[in-house]
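Undergrad:
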Amino acid sequence: MDPNKTNNQFNLLLNASEAGCSDYIVDTRDVDKFLEDLEELNHAGYIRRSDRKLILILSNRQNLPEILKKNSIRFLADLLFIVPVTENVDECQKYELITHQFVGTGEIDTPLYLDQWDACTEKFVENANLFPARYERYGRWINCTVELIKENEGQWGQIFDNRTGDGVLGAVVEDRVDVGITALYSWYHEWTFLDFSAPYIRSGITCLAPAPRAIPSWQLPILPFSLWVWIAVLSTFIYASIALSVIQEGSIAYSVFITFGMMITQHPDEITAIIEIGAAIRDLTNYIRAVIKNSSRVIQSQPNVGYTWKVRSVTGWLLITGLIIDNAYGGGLASTFTVPKFEKSIDTMQDLVDSNLEWGATHDAWVFSMTLSSDPKIMSLVKQFRVYDAGKLHNKSFTRSMAFSIEKLPSGSFAIGDYITRKAMPGLELILEEFYWEQCVLTARKNSPYTSKVTDFVGRLHGSGLILAWETQVAQKYLDNDIQQAVRLSRSQKDVKTAPLDFHHVVVNF
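In UniProt numbering, the protein residues as written are 1 to 510.
1. Check for me: the beta strand (DSSP E) holding LEU54 runs from which residue to which?
2. Measure the beta-carbon distance from GLY204 to GLU434 and round it to whole angstroms, keeping in mind my assumption that it falls under 8 Å.
3. Report the residue from ASP178, GLU126, GLN155, ASN129 whose alpha carbon sits nearest the alpha carbon of GLU147.
4. Are the Cβ atoms of PRO111 and ILE98 separated by less than 8 Å?
5. Classify GLY154 as helix, strand or coil using the three-state DSSP reduction.
6. Report the three-state DSSP secondary structure of residue 541 (helix, strand or coil).
7. Just list the residues that DSSP pairs CYS207 with in beta bridges.
8. Of all the options GLN158, GLU66, ARG176, THR164, which has the alpha carbon lying nearest to the alpha carbon of TYR188?
9. For LYS446, count neighbouring Cβ atoms within 10 angstroms of its own Cβ and tell me buried if that reaches 16, exposed if not.
10. Label LEU184 either buried or exposed according to how many other C-beta atoms from any shown protein chain fall within 10 Å of its C-beta, with 16 as the threshold for buried.
11. Any idea which residues DSSP pairs VAL179 with across the strands?
12. Between the Cα of SER413 and those of SER448, SER380, ILE467, spot the shortest distance and give me the residue it belongs to.
13. Just to check my reading of the structure: GLU358 and MET402 have Cβ atoms closer than 8 Å, yes? What is that Cβ distance to the nearest angstrom?
14. Decide yes or no for the touch test of the stretch 154–168 against the stretch 118–131: beta carbon pairs closer than 8 Å, at least 3 of them.
15. Pick helix, strand or coil for PRO376, following the three-state DSSP scheme.
16. Tell me LEU428's beta-bridge partners as DSSP assigns them.
17. From the DSSP output, in three-state form, read off residue 511 for me.
18. So ILE108 and ILE73 are in contact, right, with Cβ under 8 Å, and what is the actual spacing, rounded?
19. At a cut of 8 Å, does the stretch 225–234 reach the stretch 192–209 through at least three beta carbon pairs?
20. Indicate whether the contact test is met: 3 or more Cβ pairs, each with one atom in the stretch 18–26 and one in the stretch 42–56, closer than 8 Å.
21. Would you kindly check if the distance between the Cβ of GLU438 and the Cβ of SER369 is under 8 Å?
22. Would you mind sorting TYR46 into buried or exposed? The rule is 16 or more other CB atoms within 10 Å of its CB.
23. Taking only three categories from DSSP, how would you classify ALA469?
24. Does the Cβ-Cβ distance between GLU343 and ARG213 come in under 8 Å?
25. Would the stretch 468–485 and the stretch 404–418 be scored as touching if the rule is three or more Cβ pairs under 8 Å?
26. Please report the distance separating the alpha-carbon of ALA119 from that of GLN93.
27. Select from ASP166, LEU79, ALA198, LEU38 the residue whose C-alpha is nearest the C-alpha of LEU114.
28. Among ARG49, LEU234, GLY427, ARG422, which has the Cα closest to the Cα of GLN485?
29. Buried or exposed: which applies to THR443, given that a residue is buried once 16 or more other Cβ atoms fall within 10 Å of its Cβ?
30. Looking at the structure shown, is VAL83 part of a helix, part of a strand, or coil, going by DSSP?
31. Could you give the distance in angstroms between the alpha-carbon of LYS123 and the alpha-carbon of TRP117?
32. Pull the bridge partners of ALA486 from the DSSP assignment, please.
33. Work out the CA separation of VAL454 and ARG400 for me, nearest whole Å.
34. With a Cβ-Cβ cutoff of 8 Å, do CYS440 and TYR200 count as a contact?
35. Between the alpha carbons of GLN350 and LEU432, how many angstroms are there, rounded?
36. What first and last residue would you give for the beta strand (DSSP E) that runs through TYR95?
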């Protein structure tokens, strides 16, 4: 390729790569320009090539040290240079086949002689493998050292459009590390910048929500009826009181008292006593009104009109209604005092949305998988998500003011933040429904030479069952077993002690 004639070299490479071209044999005057375009191609294209092979034809060996120092060379494992032995071209020209040391940052720019090609005999001198698998077994065949780099401050991190970032994701996209290992999922935005391995473990996302508390005793007399039933009872009471007042042409207080008495009891003697008391209240009310008005007329008790057909019809209707209400309320009240009552528990995503309770963690990576959803329920959950530091989350775990996101792993263990302690667990319980589930993947730079080998390694781990065994071992070694057990048993029926009726059970009825 002539860079002076190929002004659109990058687009040619991009189109070839997207069409399926994975390997390149390059004879160009400007190797630096080609390597720059190839590096940009690695980030811009959608097609991944973990085993990409590159053969560069050089005119002489003098430029080789400078080429090996290029940053893009660090990420090319299958690289081969064809260099003429002498600059004078004759019929028996020989070519050296050279690659680079792919064994660490300190030796990456060291040339490695592989073989020599004789143009006359058309044979290789050594018959060596021109593309040795130098990363098949990292620690067994090569004396390598794995360096663990922690990104505690940025945690999962994020990736910006200029290919920078923070946390684990930022360390990978900026080439500060080769592989990112944490609870990273198959997020689309991150996929456009990175390579993903095959999934190695399933992770289900749910929450620890405030556990329902026992309902206070003062609320128990209200529970037998729903809100609409109480509204119906109150409406009946008001309507009947007004009807009696109009029929008897008496005071409202008298009518209200009589109506209330008929609705709460059906015993004849009690009804008679209520009517007599009501009549006395009516006479007393009329007397006081007359005294206040300085009236000289004698206050006479009004004839009892309770036996007229109008009063009898209203009274009969009230007695029937009161009988039904009393029996229904009495049965419900007995059940309420017999069986312990608790607040409504949060069992599903919809319950969490309806409660308008915030939920959260120390990073918004918990909702990365939900942000693109158009489901109204999921969108509401995303709006309710909050990001707090570990100290504030720890304090909130005792205030019943929010739920806390956790991961449910295949072997039954839970990934729980350190801000959830043993003291906080009695007030929390596990939400039954998973918000979503994802497959955890390992991340590497785009077109990384490690991706395919890591994927093969993950497949062997799945086939052997080691991942589940390792998960159990790691959980036993590093996780708090008491908290794990508390989460597993948080939905179990709690023992409720029974006790005979006491004064505080019935005082609210009076």
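The beta-carbon is built from N, C-alpha and C at its ideal position, and this holds for glycine as well.
TA: Reading it off the structure:
1. From DSSP, the beta strand (DSSP E) with LEU54 extends over 53–57.
2. Confirmed, about 4 Å.
3. ASP178
4. yes
5. If DSSP states are grouped into helix, strand and coil, GLY154 belongs with coil.
6. Given a span of 1 to 510 for the chain in the structure shown, any question on residue 541 remains unanswerable.
7. SER405
8. GLN158
9. buried
10. buried
11. ALA444
12. ILE467
13. 5 Å
14. Under the 8 Å Cβ criterion, the stretch 154–168 does not count as touching the stretch 118–131, having fewer than three qualifying pairs.
15. helix
16. PRO210
17. The chain is shown from 1 up to 510; residue 511 falls before or after that span and cannot be answered.
18. Sure, about 7 Å apart at Cβ, within 8 Å.
19. no
20. yes
21. Going by C-beta atoms, SER369 is nearer than 8 Å to GLU438.
22. exposed
23. helix
24. Yes; because the gap between Cβ atoms is below 8 Å, this pair is in contact.
25. yes
26. Going by the C-alpha atoms only, they are around 6 Å apart.
27. LEU79
28. ARG422
29. buried
30. Three-state DSSP puts VAL83 in a strand.
31. Their backbone Cα atoms lie some 6 Å apart in a straight line.
32. BP columns for ALA486 are empty, so no partner.
33. 43 Å
34. Going by C-beta atoms, CYS440 is nearer than 8 Å to TYR200.
35. 12 Å
36. 94–100
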